[in-house]
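J.:
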Amino acid sequence: MANNNNGKMSREEAGRLGGEATANNHDKEFYQEIGRKGGEATSRSHDKEFYQEIGKKGGDSTSNSHDKEFYQEIGQKGGEATSDSHGREFYEEIGRKGGEATSDSHGREFYQEIGQQGGEARNGSGGDGKMSREEAGRKGGEARARQRQRGN
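Okay, so the sequence shown: first residue is 3 according to the numbering used here, each after it adds one.
Next comes the structure, spelled out in structure tokens:
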């Protein structure tokens with residue numbers, strides 16, 4: 003037992019002993035409940051910027067202490083876990099949502115540009131090149147504009 007100069011227990015020792023006693027007297031559910039209550043109290047007293055800031059700090063700290071391989075490994079594990087727990091419909095739905103989000107945030111020029119880039123890639127990789135890049139971009143942009151008109 004750590005004592006200070008007057009023979010009393012130090013604050014650190016008292017805290018450690020109190021923590022041990024609490025751990026001995028309570029189960030997992032107790033800690034889950036007090037964690038939930040603490041999280042609710044914190045969410046009531048802090049705004050979105052608070053959570054963004056602590057998230058950024060945590061992300062910065064993690065990126066400073068881990069290398070590229072760490073992120074590759076956790077990304078692979080996450081992808082495998084998602085694949086194991088979701089079927090084709092899940093991927094169709096997130097693909098549809100991603101396409102809609104892209105469509106909402108990009109205009110005709112974006113689709114013309116990616117169409118042109120696709121045409122360039124096709125011509126550069128030994129494709130038959132029957133359609134020019136400009137034509138492919140134009141047609142892609144026109145098709146997307148028609149889809150938007152039908153959706154509105």
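For each residue, glycine too, the CB sits at the ideal point set by N, CA and C.
Pull up the distance between the alpha-carbon of residue 50 and that of residue 38, whole angstroms please.
T.: Taking the straight line joining both Cα atoms gives about 18 Å.
J.: Look at residue 142 and residue 101 and say whether their C-beta atoms are less than 8 Å apart.
T.: Going by C-beta atoms, residue 142 is not nearer than 8 Å to residue 101.
J.: If I'm right that residue 110 touches residue 147 with Cβ under 8 Å, what's the distance once you round it to whole angstroms?
T.: Confirmed, Cβ separation roughly 6 Å.
J.: Going by beta-carbon coordinates alone, are residue 138 and residue 153 separated by less than 8 Å?
T.: No; because the gap between Cβ atoms is not below 8 Å, this pair is not in contact.
J.: Would you say residue 10 faces chain B, with C-beta separation under 8 Å as the test?
T.: Chain labels in this structure do not include chain B; a single protein chain is all it has.
J.: How big is the Cα-Cα spacing for residue 10 and residue 25?
T.: One C-alpha to the other measures close to 24 Å.
J.: Thinking C-beta only, is residue 125 closer than 8 Å to residue 140?
T.: No, Cβ-Cβ distance for residue 140 and residue 125 is not below 8 Å.
J.: From which residue to which residue does the alpha helix (DSSP H) around residue 86 run?
T.: Residue 86 -> alpha helix (DSSP H) spans 70-87.
J.: What's the C-alpha gap between residue 22 and residue 32?
T.: Taking the straight line from one Cα to the other gives about 14 Å.
J.: Is it buried or exposed for residue 113, if we count other Cβ within 10 angstroms and need 16 for buried?
T.: Buried: at least 16 other Cβ atoms inside 10 Å.
J.: In the region 8-81, which residue ranges form an unbroken alpha helix (DSSP H) of at least 4 residues, counting only runs that do not cross its ends?
T.: Fully enclosed alpha helix (DSSP H) runs of 4 or longer: 13-27, 30-47, 50-67.
J.: Tell me which residue opens and which closes the alpha helix (DSSP H) that residue 143 is part of.
T.: Taken as a continuous stretch (DSSP letters only), the alpha helix (DSSP H) holding residue 143 covers 135-153.
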